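S.K.: Chains as they are written, first to last, in the working numbering: chain P, 100 to 200; chain H, 16 to 585; chain A, 224 to 376.
We treat Cβ as the ideally placed atom computed from N, Cα and C, and that holds for glycine.
These figures come from a predicted structure and were not determined experimentally.
My structure is below; once you've seen it, I'll send some questions.
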Amino acid sequence: MSLSGGWYLTLAAVLFGIGAVGVLVRRNVLVMFMCIELMLNAANLTFVTFSRMLGDIGGQVVVFFVLVVAAAEVVVGLGIVVAIFRRSTSTVADDLHVLKG
Amino acid sequence: MRVALLIASASLHGGIAMPHIAYLAILPEIVMLGGAILLLAVASLVRSALNVTVITVSTLVISLASLAAALWQFFDVQSHGAYTTLDHAVVLDGFSVLVTVLVASAMALTALVGDGYQRREGLAGPEFNVLAMVSATGAMLMGEANDLVIVFLGLEILSIALYVLAAFNRRRAESGEAALKYFLLGGFSSAIFVYGIALTYGATGTTNLTQIADFLAKNVVVSDGLLLAGLTLLLVGFAFKVAAVPFHMWTPDVYQGSPTPITGFMSAVAKAAGFAALIRVFVSSFGVLRVDWQPIIYALAVVTLLVGAVLALIQTDIKRMLAYSSINHAGFVLLGLEAAGALGKVGARGVSSALYYLFAYTFMAIGSFAIVSVLGGRGDAAHEISNYKGLGKRQPFLALAFAVLLLSQAGAPFTTGFWAKLQVVAAAVDANSVPLAVIAMVSAAVAAFFYLRVVLLMYSPKKFVSDQEGDRLENLDASGDAVASTSAREPLWSGSGRQTALVNELNATLLLESSPETIEVPDEREGDVVNVPVLAVVAIGICIAVTVGFGVFPAPLADFAHKASLLFMP
Amino acid sequence: MDQYLPIVLLLGLGLLFAAGSFVGSSLLGPAKKPTGAKIAPYECGIVPDHEPPQRFPVRFYLVAMIFIIFDIEIVFLYPWAVIFREIRVFGFVEVLVFAVVVFVAFLFLISNGALNWGPAKRLSEGMPSRTSDSTILRITATPSPPTSPERAA
């Protein structure tokens with residue numbers, strides 16, 4: 100039995116929505132990272148599904164690039180977090196208040 | 016056996032169609048990125064032997080080589096016309112050339128400003144310049160991308176390097192915090208952007224901008240929620256990058272916290288590249304859907320213009336003020352983009368006016384932040400606006416330069432800022448968006464207040480300030496002086512021939528402005544308080560030369576921007 | 224293309240659900256925000272007299288991050304490997320350029336000592352020393368509601 104593409108797209112949309120809300124409401128930096136990853140992977144799922152539905156390999160190639168970019172982003176993000184939290188002790192974004200706003 | 020089969024099957028399907036590569040189209044990127052990697056490799060191998068001077072000089076050479084490649088591109092486009100290459104993923108046209116020229120010059124200026132900054136803060140190593148060059152490569156790529164995937168890659172190359180640069184000064188808590196905020200919101204916006212690409216891909220079956228335009232031209236799209244959702248998400252992603260209200264929240268914090276030379280680079284390059292890609296994507300491939308996106312741009316422009324100008328009024332930190340002013344400038348560029356949505360000649364005028372604005376803004380922003388960087392003192396912390404009181408006495412040259420750049424940002428005549436504002440407003444009027452043009456002018460008037468406030472503060476005697484505030488300023492001044500005089504190692508005007516020549520040249524340039532102040536070359540006796548690096552002065556001088564030079568003789572730059580039309584203008 | 228409209232709807236539903244659960248938990252949950260005392264190592268109010276076991280050295284994170292980057296680059300070699308016989312010299316040169324770029328990053332890491340596993344050199348700007356004194360300061364410095372143990376005591 101095979102599912103139609105619409106289900107995958109729906110799943111991706113829901114994952115993207117959860118990720119987006121997560122970034123906006125969660126205050127732990129690491130959880131916010133994970134939510135961004137969730138959003139990127141939702142986009143990847145959408146790409147692969149459309150690629151299959153349209154019979155065009157291009158969408159799957161895009162996923163490679165998005166994967167690599169996501170990895171690079173995570174590495175840089177973790178690097179920044181490590182650099183910051185060697186000074187302070189929590190990973191809660193609200194604790195950062197040197198800059199007002 | 017299996018390999019033979021594979022070859023057989025491949026030849027059955029006609030094999031791989033190798034795309035033709037016109038290397039000239041990506042030559043500036045190759046030079047910039049190749050140079051950065053070479054510099055990194057050399058620095059890794061002989062780390063101890065490289066000092067800041069060597070790194071700065073090589074960065075300058077690489078940036079200027081990239082600039083030369085961009086000029087070569089310009090003449091090529093003039094004689095052979097625009098074309099796409101790399102399987103239509105990259106486009107070489109007047110538009111991309113201008114963005115490349117802009118980014119390469121911004122990189123060179125940032126290297127000049129960054130040199131003094133690195134010395135002052137004691138940051139060794141090639142990473143600062145290498146990361147900036149990688150970032151510049153991404154910006155150039157965004158300017159000439161003809162495929163949404165290339166736009167995304169350029170955006171990420173630009174942004175990821177900038178995240179690190181924002182965190183560069185690890186001794187400052189603000190720097191790390193700025194980087195984290197920038198990273199979180201930047202990552203959020205690029206995730207939205209990728210999802211927008213995915214939805215657009217699903218709706219049109221391609222990510223190539225030309226093919227999207229073809230698809231939309233040939234198929235009558237009726238109420239396609241998918242495509243419109245994709246379009247909106249793309250716009251949100253771009254709006255984050257160019258700091259348009261209501262997606263501007265990160266800007267003041269990030270601009271304030273980042274190392275000041277990087278703030279200048281960020282404000283100029285990231286904004287220019289973001290707008291370049293935004294204009295190309297929306298005008299050349301979603302041109303058919305202009306009825307859908309023009310009102311959104313209109314609304315974004317209105318709120319960006321107003322919020323940027325009003326919030327800048329109440330800032331007490333110069334970097335935050337300049338951040339809000341950059342938001343205000345983004346509103347003006349959106350004005351050009353809104354006009355670019357119109358058909359035919361009017362649209363072309365909108366594109367060239369937006370580009371002209373970006374070009375003018377680049378030099379004003381880098382120059383302003385260079386001055387702020389120099390005056391920031393060791394630790395890059397003295398950025399209270401009140402610190403600028405009486406600067407005209409203490410640092411006549413810097414004060415005058417800052418005044419010129421701020422007046423240019425405000426849109427004073429005989430500067431590029433004036434022509435830029437004139438062009439976008441004229442383009443908006445041509446596109447029948449008169450209310451928007453009126454709002455822009457009101458916003459410019461409001462913005463003039465906070466620019467003039469700083470200028471007046473720099474030249475004000477003490478009686479201009481109320482008593483209570485005066486006391487506070489007094490204290491600040493005293494502490495500032497104390498810090499600065501201990502950190503001043505070499506006198507400002509050590510009288511080297513080059514410097515004097517530069518000052519004379521600047522005076523000659525500035526006198527065109529017929530400013531009432533008499534310009535004197537200060538001597539060492541006039542106890543100067545800030546250590547002013549020569550290279551930063553050179554950078555500021557170039558910025559002023561461009562701002563005032565093209566302000567007095569606007570024809571060449573206007574011509575350049577006029578030639579920078581898009582390849583696939585509808 | 225009307226068939227995709229449900230996606231947009233479901234995106235909205237997903238957002239609504241996620242937002243709803245957060246709003247619900249904040250409405251129904253007991254504490255609004257952790258106070259200074261609450262995020263102290265021991266919530267009962269006892270000030271710890273020595274540090275909890277050492278955190279992981281930063282080096283672990285560093286190596287993990289380096290691994291991720293080099294690991295993920297391999298993904299580009301798969302498509303290349305599939306067609307490398309057809310793109311011949313050009314493909315070889317391309318992959319060589321790619322390898323050199325990655326290798327320079329590796330070179331940079333080695334020269335920076337990111338892969339040295341010897342006894343850790345003390346960094347000049349390590350983590351701020353955190354003793355029980357500083358913890359007490361930290362707890363009392365944050366304004367806490369009257370229910371916090373310090374005020375009650």
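If the cut-off is 7 Å on Cβ atoms, which residues from the region 230-242 of chain A count as contacting chain P, listed in chain order?
M.R.: The region 230-242 of chain A vs chain P, Cβ under 7 Å: I230, L233, L234, G237, L238, A241, A242.
S.K.: When you compare each of H/P274, H/F417, H/A380, H/G131 to H/V118 by their alpha carbons, which one comes out closest?
M.R.: Measuring from the Cα of H/V118, the nearest candidate turns out to be H/A380.
S.K.: So which residues on chain A does H/L55 lean against when the C-beta distance must stay under 7 Å?
M.R.: Within 7 Å Cβ-Cβ: V327, F331.
S.K.: Only counting runs of 4 or more residues, tell me where the alpha helix (DSSP H) segments fall wholly within the region 328-409 of chain H, in order along the chain.
M.R.: You should have 333-355, 359-390, 406-409.
S.K.: Output yes if chain A places a C-beta closer than 8 Å to the C-beta of P/F149; else output no.
M.R.: Chain A contact via Cβ: absent.
S.K.: Measuring CA to CA, which of H/H103, H/N343, H/V235, H/V114 is closest to H/A463?
M.R.: When only C-alpha atoms are compared, the closest one is H/N343.
S.K.: Rounded to whole angstroms, what's the CA-CA distance from H/G405 to H/L413? Just pull it up for me.
M.R.: Cα-Cα distance, rounded: 12 Å.
S.K.: Name the residue from H/V444, H/A442, H/A363, H/I333 whose alpha carbon lies nearest to the alpha carbon of H/L421.
M.R.: Ranking H/V444, H/A442, H/A363, H/I333 by Cα distance to H/L421 puts H/I333 first.
S.K.: Taking Cβ to Cβ, would you say H/S341 is nearer than 8 Å to H/A258?
M.R.: Yes, Cβ-Cβ distance for H/S341 and H/A258 is below 8 Å.
S.K.: State the DSSP-derived secondary structure class of H/V567, mapped to helix, strand or coil.
M.R.: Reduced to three states, the DSSP call for H/V567 is helix.
S.K.: Quick one: any contact between the region 280-291 of chain H and the region 248-268 of chain H, if contact means 3 or more CB pairs under 8 Å?
M.R.: Verdict: yes, contact present.
S.K.: What is the residue span of the beta strand (DSSP E) that H/L107 lies within?
M.R.: 105-107 is the extent of the beta strand (DSSP E) around H/L107.
S.K.: Just to check, is the beta-carbon of H/F384 closer than 7 Å to a non-hydrogen atom of the ligand NAP?
M.R.: For the structure depicted, the ligand NAP is absent and the ligand set is empty, with no information on it obtainable.
S.K.: Under 8 Å between C-beta atoms, does A/S244 make it to chain H?
M.R.: Closer than 8 Å: no.
S.K.: In its own chain, which residues sit with a C-beta less than 6 Å from the C-beta of H/L42, not counting the 5 before and 5 after it?
M.R.: A84.
S.K.: Output, in chain order, the set of chain A residues within a Cβ distance shorter than 7 Å of P/L166.
M.R.: Neighbours of P/L166 on chain A, chain order: I295, V298.
S.K.: Three-state secondary structure (DSSP) at H/A121?
M.R.: Helix at H/A121.
S.K.: Whose C-alpha, out of H/L163, H/T225, H/S273, is nearest the C-alpha of H/R187?
M.R.: For the residues H/L163, H/T225, H/S273, the minimum Cα distance to H/R187 belongs to H/S273.
S.K.: Measuring straight from C-alpha to C-alpha, what distance separates H/A123 and P/R185?
M.R.: Spanning the two alpha carbons is a distance of roughly 34 Å.
S.K.: I need the DSSP call for H/D268, collapsed to helix, strand or coil.
M.R.: H/D268 falls in the helix class under three-state DSSP.
S.K.: Answer with buried or exposed for P/A119, where buried requires no fewer than 16 other C-beta atoms within 10 angstroms of its C-beta.
M.R.: The residue is buried, with at least 16 neighbouring Cβ atoms inside 10 Å.
S.K.: Quick one: what's got a C-beta closer than 6 Å to A/V325's C-beta in the same chain, skipping five residues either side?
M.R.: These residues qualify, in order along the chain: E296.
S.K.: For chain A, find out if any of its Cβ atoms is closer than 8 Å to the Cβ of H/M47; answer yes or no.
M.R.: No, its Cβ sits nowhere closer than 8 Å to a Cβ of chain A.
S.K.: Looking at C-alpha atoms only, which residue of H/V444, H/A443, H/G426, H/V449 is the closest neighbour of H/V461?
M.R.: Ranking the options by Cα distance to H/V461, first place goes to H/G426.
S.K.: For a contact defined as C-beta to C-beta under 8 Å, what are the partners of H/L200 on chain A?
M.R.: What H/L200 touches in chain A: nothing, since even the nearest Cβ is about 18 Å away.
S.K.: Using 8 Å as the threshold, is the C-beta distance between H/N184 and H/E136 below it?
M.R.: Yes, the Cβ-Cβ distance between H/N184 and H/E136 is below 8 Å.
S.K.: Could you give the distance in angstroms between the alpha-carbon of H/M148 and the alpha-carbon of H/W308?
M.R.: Answer to the nearest angstrom: the Cα atoms are 34 Å apart.
S.K.: Any idea which residues DSSP pairs P/N140 with across the strands?
M.R.: BP columns for P/N140 are empty, so no partner.
S.K.: Nearest-angstrom Cα distance between H/L572 and H/F429?
M.R.: If you take the alpha carbons of H/L572 and H/F429, they lie about 14 Å apart.
S.K.: Can you pull the chain P residues whose beta carbon is under 7 Å from the beta carbon of H/A182, in chain order?
M.R.: Correct list: I179, A182.
S.K.: Name the chain A residues whose beta carbon is nearer than 7 Å to that of H/M155?
M.R.: Going along chain A, no residue has its Cβ under 7 Å from H/M155, so there is no contact; the nearest lies around 17 Å.
S.K.: Where P/V113 and H/L170 are concerned, what is the direct C-alpha to C-alpha distance, given to the nearest angstrom?
M.R.: Going by the C-alpha atoms only, they are around 25 Å apart.
S.K.: In terms of DSSP beta bridges, what is H/N223 paired with?
M.R.: H/D162, per the DSSP bridge assignment.
S.K.: Check for me: the alpha helix (DSSP H) holding H/Y38 runs from which residue to which?
M.R.: Here H/Y38 belongs to no alpha helix (DSSP H), and DSSP marks it neither H nor E.
S.K.: Under the rule that 16 or more other beta-carbon atoms within 10 Å means buried, what is A/R311, buried or exposed?
M.R.: Classification of A/R311: exposed, given that the 10 Å Cβ count is below 16.
S.K.: H/G432: which of H/A369, H/E189, H/V444, H/V453 sits nearest, CA to CA?
M.R.: Checked all of H/A369, H/E189, H/V444, H/V453; the closest Cα to H/G432 is H/A369.
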